[in-house]
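Right, one structure below, let's go through it.
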Amino acid sequence: MILHIDMDAFFAAIEQRDNPALRNKPVIVSGKSERSVVATASYEARKFGIRSAMPVFQAKQKCDHLVIVPGNMKKYQAESKKIMEIISHFSPLMEQVSIDEAYVDIKGCERLFGSPKEIGLAIKNKINNDLFLTCSVGIAPIKFLAKIASDMNKPDGLTHIKEHQVKNFIFTLPIQKVPGIGKSTMKVMEILQIRTLGDINKFTLPILTQKFGKMGQKLIALSNGIDPSRVETNYTRKSISSETTLPKDIFDFETIKQVILGRSQSVGRDLRKKNLVCENVFIKLKFSDFSQITRSKKLDTSICSSSAIFNEALALYKKIQLKKRIRLVGVGVTALKDKNTPVQMQLIQDPNRQKKQWESVDSAVDSISEKFGTNIIKKASLSEINYRRNPDAEENSN
Ligand code: TTP
Ligand code: MG
């Protein structure tokens with residue numbers, strides 16, 4: 001089941017929340033000049049026929065007591081961030097598609113948060129309680145229907161298209177509601193007398209391809225309730241890294257190697273905690289004269305074990321010809337993905353055995369670190385550096 005969440009009259013609702021004098025009034029948010037267009041209109045203003053993208057002068061003509069509020073993008077972006085954080089709490093499979101809307105795949109979340117409808121209501125309640133804003137939620141077994149559903153009972157709506165309703169829903173769905181159908185496509189639809197998505201089935205693939213190009217095949221799939229598009233997560237944190245400023249600037253290979261090991265463990269732990277894998281490892285070195293370099297490697301596989309990250313980071317380090325003393329060492333990973341993509345460790349002999357071994361070592365270390373702190377358990381080769389390190393040495397993770 002997929003949820004689509006879309007905030008109601010987003011910019012205007014924020015302005016009405018923050019200024020009680022604007023509540024229950026026809027409000028538009030727009031630029032300041034006379035030539036500006038409406039970014040959005042409160043639902044009170046929509047009763048006068050005012051819509052997004054309408055010139056402000058036209059909006060004023062439609063409603064003489066219209067309140068015009070200049071937009072404040074920084075504020076809307078900050079609210080958007082809070083909303084996305086709330087939504088992602090319900091499922092890690094979240095895809096933000098614009099400033100005020102996101103898809104969530106709730107597969108596997110039911111045991112934790114209840115039925116799809118209960119999850120939809122819980123998201124609405126949390127957003128409303130925490131931020132005093134309303135949203136509309138669409139729930140459907142396929143992505144494009146979830147979006148259509150969220151728009152059906154705005155504002156403050158919740159619409160659930162159940163599996164057994166899909167066929168009938170598609171049969172009667174006005175064709176202009178299908179994503180990707182613009183004005184020019186609509187003209188052809190009219191000529192062919194295609195009024196609903198169900199009408200698509202009256203035509204063969206060659207005819208639809210001739211009329212709509214590649215879209216023809218997609219329309220046939222959609223009209224049969226098939227939407228191959230998935231919820232694609234996008235991480236606001238595109239990288240995870242950890243770095244240490246050394247107590248004094250050094251050349252010593254063994255010490256640097258151990259710092260790389262420590263930072264790799266920290267990055268690996270962070271990665272696993274977020275249920276992510278990475279396909280790119282980098283190291284960063286800062287030298288005694290404060291100059292710095294980074295070296296990275298794109299991997300053939302996705303990894304998340306600390307040992308795999310360490311091996312890659314160390315290989316990068318070994319390639320660098322050191323000319324100056326090192327002041328800071330950092331290890332990081334990018335190209336992050338969900339862990340449900342196959343994970344491979346550094347494979348030498350028996351791939352599966354080694355992979356399992358490292359997975360269990362990592363998860364044991366992770367749970368001990370989680371309980372007792374990150375310094376309580378680490379690779380034997382790290383104990384020495386800890387002993388030697390100045391307690392004031394900085395360690396940063398981000
Ligand atoms: P929308 O979700 O399309 O609109 P909305 O949230 O204001 O109203 P609703 O979803 O209840 O119909 O867009 C989200 C925000 O994006 C909107 O508040 C303002 C901004 N926006 C523009 O700046 N210009 C536009 O043309 C549109 C459509 C939106
Ligand atoms: Mg919206």
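Letter 50 of the sequence shown, counting from 1, is numbered 50 in the working numbering, and no numbers are missing. Cβ coordinates follow ideal geometry from the N, Cα and C atoms, glycine included. Keep in mind it's a predicted model, so treat the numbers as computed, not measured.
CB contact flag (residue i, residue j, <9 Å)
{"i": "F310", "j": "L261", "result": "yes"}
{"i": "S42", "j": "A13", "result": "yes"}
{"i": "I119", "j": "L22", "result": "no"}
{"i": "M94", "j": "T233", "result": "yes"}
{"i": "K82", "j": "D18", "result": "no"}
{"i": "P116", "j": "T134", "result": "no"}
{"i": "K177", "j": "I139", "result": "no"}
{"i": "S302", "j": "V267", "result": "no"}
{"i": "N280", "j": "P92", "result": "no"}
{"i": "Y76", "j": "F11", "result": "yes"}
{"i": "A122", "j": "F113", "result": "yes"}
{"i": "V365", "j": "V259", "result": "no"}
heavy atom of the ligand TTP below 8 Å from residue i C-beta
{"i": "V29", "result": "yes"}
{"i": "P26", "result": "no"}
{"i": "T40", "result": "yes"}
{"i": "D6", "result": "yes"}
{"i": "D199", "result": "no"}
{"i": "K47", "result": "no"}
{"i": "L305", "result": "Contrary to the premise, residue 305 reads as Ser rather than Leu in this sequence. Outside the cutoff, so no."}
Of the listed residues the options, nearest to residue i (C-alpha basis)
{"i": "K25", "options": "V67, T334, P55 and M54", "result": "V67"}
{"i": "D6", "options": "V27, K124, A308 and K74", "result": "K124"}
{"i": "S241", "options": "Q321, D227, V333 and I226", "result": "V333"}
{"i": "P141", "options": "H160, I181, D151 and K126", "result": "H160"}
{"i": "A39", "options": "I320, C304, D8 and D64", "result": "D8"}
{"i": "F169", "options": "K183, F113, M152 and M215", "result": "M152"}
{"i": "S33", "options": "V69, P20, I50 and Q16", "result": "V69"}
{"i": "E44", "options": "L246, S30, R295 and H65", "result": "H65"}
{"i": "I250", "options": "G216, V231 and D289", "result": "D289"}
C-alpha gap between residue i and residue j, whole angstroms
{"i": "K399", "j": "L285", "result": "Within the shown structure, residues of the chain are numbered from 1 to 398, placing residue 399 beyond reach of any answer."}
{"i": "E110", "j": "S136", "result": "20 Å"}
{"i": "K248", "j": "K297", "result": "28 Å"}
{"i": "I99", "j": "S80", "result": "6 Å"}
{"i": "I28", "j": "S264", "result": "51 Å"}
{"i": "N386", "j": "T255", "result": "For N386, the pLDDT reaches just 42, beneath the cut-off of 50, and the residue's location in the model is therefore unreliable, although a value from the coordinates is still provided. Rounded to the nearest angstrom, the two C-alpha atoms are 10 Å apart."}
{"i": "G71", "j": "L192", "result": "43 Å"}
{"i": "G198", "j": "G225", "result": "10 Å"}
{"i": "L322", "j": "T244", "result": "18 Å"}
{"i": "K15", "j": "P174", "result": "The sequence shown places Glu at residue 15, not Lys. Roughly 34 Å between the two C-alpha positions."}
{"i": "I207", "j": "P228", "result": "22 Å"}
{"i": "L299", "j": "L316", "result": "12 Å"}
{"i": "K318", "j": "S291", "result": "19 Å"}
Contact test: residue i Cβ vs the ligand MG heavy atom, cutoff 8 Å
{"i": "E95", "result": "no"}
{"i": "F10", "result": "yes"}
{"i": "D270", "result": "no"}
{"i": "V79", "result": "Reading off the sequence shown, one finds Glu at residue 79, where the question assumed Val. Not under cutoff, so the answer is no."}
{"i": "E44", "result": "no"}
{"i": "D366", "result": "no"}
For residue j and residue i, believed in contact at Cβ under 8 Å, the rounded distance
{"i": "F144", "j": "L222", "result": "7 Å"}
{"i": "C278", "j": "A335", "result": "6 Å"}
{"i": "I194", "j": "L205", "result": "Wrong, their Cβ atoms sit about 14 Å apart, outside the cutoff."}
{"i": "R327", "j": "F282", "result": "That belief does not hold up - the Cβ atoms of R327 and F282 are roughly 18 Å apart, past 8 Å."}
{"i": "G49", "j": "K62", "result": "5 Å"}
{"i": "V56", "j": "S88", "result": "Between S88 and V56 the Cβ distance is about 35 Å, and since that is not below 8 Å, they are no contact."}
{"i": "C304", "j": "K273", "result": "Actually they do not touch by this definition, with Cβ atoms about 10 Å apart."}
Any non-hydrogen atom of the ligand ZN closer than 8 Å to residue i Cβ
{"i": "K154", "result": "Although the ligand ZN was asked about, the structure shown includes only the ligand TTP and the ligand MG as ligands."}
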